[in-house]
Structure formats: C-alpha cells, structure tokens
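Below is one structure, written out as structure tokens; comments come after it.
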C-alpha cells in the first residue's frame, strides 16, 4: 500500500514521542533505536527513513517544542510601553509554571539537560541548546540596559552582570529541579527566588504601581498554570 505524506508525518511524530519516552527512561547514551522502534510500533527501517541517528532525533525533539527561553526573549524584546523589569519578571514566572505543568516540556528539558552526553554528535546538538541559553542572556542584557537607561536598575548592578545573574538563576533552578527528581515546587520556589532577585535589581526610586506589580507578578503564573503545554 502506497504511503501518503500524512502517513509519513504520523510515523515521524510517533517516533519522536517514543524517542522522548525511551530517552527519558534510559538516557540518550543507553537508549537504542531498536527500543525506540518497539515503543513506536515501527521498524528500525522506518526510523532510518526519517532520522540518521539519535542526534537527529534529539534535535527534532528540541525543535518541535517552543523552548521556555523563546517565550522570555519574545516578551522581553516586545516593543511595548511599560516596565521592562516587570515584564521580564512576569514572563519568567510564566515559563517556570509552563515547565511545571507540561509533561512534554519537562521531559524534553530533562533529556537535554540531564540525560544526554556532551561528546560526539549528541554533544554538538546539546551545544546548540546551550547557545539558545546564551541568546537568553544576551536578550536579558538588552533588557537590563534599557532598565538602567530608564532609571529602573539599581546602581549596584551593571546590566551585563545582572543578565548573567538572571541567566544563571533561571537555568540553575531548572537543572537542580530536574536533576534531583523535582524535590521542590518549582513554581512556588521560583516565585520567591525571582521576587528576591528582581527586588535587588530594582532601583529604590522606581516606586508606585510598576514596582508593586514587579513584586507581585503571580497573576502571570496563574494564567500559565491553567494553560499547560503551549
């Protein structure tokens, strides 16, 4: 029977879902394409029709998801009026809530950050992921520079150092949560951690409604909690 393009896409999607489960359970190094084929209910030949190796599958898993940092970059760079620190703070809490509530996102980040070796072809793909993290740091640097120019950033923080602190806290919190089996509520802890961090970022002169909103961006995470995966 002749296979259609829709059939091929359906098979590819089944392979990616199966690979995510196998990589999550076994780790990328220990997982085999035979295990992925069995989980997907296809032949190994079907896998090789779509993917050359595990590195290509892992890259496809990464590409099919909208990364948390993509949302943050988009929101932080949006050309809108308002408090840039408040906007960056809010979308950060939103992203942590999505990680907490979306199983597919949790598994993908766990595979990439905790269950993949950093050598060979897999290592090259992982390097691409961390370059996306550098893009987040660069974007945060622009946001903090804008905050500094607007009198919002505390003078004790240089914009580039604030961006590094933010980037380290964001990815460090996620890695710790995933690496040790989600031992704490990342939504609650994330709100407290970033409330303290952004409080230190904010210049004391920045007061009023914007500063109050920056201290209490919980409404953002409530929306994220109701939306799950996006």
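In the UniProt record's numbering, the protein residues as written are 1 to 230. Positions of the beta carbon are idealized from the N, C-alpha and C atoms, including for glycine.
DSSP beta-bridge partners of residue i
{"i": "residue 153", "result": "202"}
Integer Cβ distance of residue i from residue j, believed to fall under 8 Å
{"i": "residue 71", "j": "residue 110", "result": "About 19 Å; that fails the 8 Å criterion."}
{"i": "residue 143", "j": "residue 88", "result": "5 Å"}
{"i": "residue 115", "j": "residue 22", "result": "With a Cβ gap of about 11 Å, residue 115 and residue 22 do not count as contacting."}
{"i": "residue 36", "j": "residue 15", "result": "7 Å"}
{"i": "residue 65", "j": "residue 105", "result": "6 Å"}
{"i": "residue 189", "j": "residue 169", "result": "Actually they are not in contact, since the Cβ atoms of residue 189 and residue 169 sit about 11 Å apart, beyond 8 Å."}
{"i": "residue 83", "j": "residue 33", "result": "That pair is no contact at about 50 Å."}
{"i": "residue 55", "j": "residue 112", "result": "At roughly 12 Å, the Cβ-Cβ gap does not stay under 8 Å, so residue 55 and residue 112 are not in contact."}
{"i": "residue 108", "j": "residue 20", "result": "7 Å"}
{"i": "residue 11", "j": "residue 38", "result": "Not a contact, Cβ separation roughly 14 Å."}
Alpha-carbon spacing of residue i relative to residue j, whole angstroms
{"i": "residue 209", "j": "residue 171", "result": "Only weak support exists for where residue 209 lies, its pLDDT of 42 falling under 50; the value from the coordinates is given anyway. Approximately 29 Å, taken between the alpha carbons."}
{"i": "residue 227", "j": "residue 91", "result": "In this prediction, residue 227 scores a pLDDT of 42, lower than 50, which makes its location untrustworthy; the coordinate-derived value is nonetheless stated afterwards. Rounded to whole angstroms, residue 227 to residue 91 spans 14 Å at the Cα level."}
{"i": "residue 13", "j": "residue 187", "result": "30 Å"}
{"i": "residue 74", "j": "residue 158", "result": "23 Å"}
{"i": "residue 163", "j": "residue 126", "result": "22 Å"}
{"i": "residue 200", "j": "residue 17", "result": "42 Å"}
{"i": "residue 76", "j": "residue 149", "result": "16 Å"}
{"i": "residue 26", "j": "residue 48", "result": "20 Å"}
{"i": "residue 118", "j": "residue 175", "result": "15 Å"}
{"i": "residue 173", "j": "residue 99", "result": "12 Å"}
{"i": "residue 160", "j": "residue 132", "result": "17 Å"}
{"i": "residue 197", "j": "residue 182", "result": "22 Å"}
{"i": "residue 232", "j": "residue 67", "result": "The shown model of the chain, from 1 to 230, leaves out residue 232, and the question about it has no answer."}
{"i": "residue 284", "j": "residue 51", "result": "Since the displayed the chain opens at 1 and closes at 230, residue 284 lies outside it and no answer follows."}
{"i": "residue 145", "j": "residue 7", "result": "49 Å"}
DSSP three-state assignment for residue i, whether helix, strand or coil
{"i": "residue 45", "result": "helix"}
{"i": "residue 95", "result": "helix"}
{"i": "residue 90", "result": "helix"}
{"i": "residue 33", "result": "helix"}
{"i": "residue 62", "result": "helix"}
{"i": "residue 167", "result": "helix"}
{"i": "residue 190", "result": "helix"}
{"i": "residue 78", "result": "coil"}
{"i": "residue 120", "result": "helix"}
{"i": "residue 158", "result": "coil"}
{"i": "residue 28", "result": "coil"}
{"i": "residue 139", "result": "helix"}
{"i": "residue 184", "result": "coil"}
{"i": "residue 129", "result": "helix"}
{"i": "residue 83", "result": "coil"}
{"i": "residue 144", "result": "helix"}
{"i": "residue 51", "result": "coil"}
Assigned exposure category for residue i - 16 Cβ within 10 Å defines buried
{"i": "residue 139", "result": "buried"}
{"i": "residue 178", "result": "buried"}
{"i": "residue 97", "result": "buried"}
{"i": "residue 184", "result": "exposed"}
{"i": "residue 202", "result": "buried"}
{"i": "residue 136", "result": "buried"}
{"i": "residue 53", "result": "exposed"}
{"i": "residue 191", "result": "buried"}
{"i": "residue 134", "result": "exposed"}
{"i": "residue 147", "result": "buried"}
{"i": "residue 1", "result": "Because residue 1 carries a pLDDT of 49, less than 50, the predicted location of this residue cannot be relied on, and no value is offered for it."}
{"i": "residue 103", "result": "exposed"}
{"i": "residue 9", "result": "exposed"}
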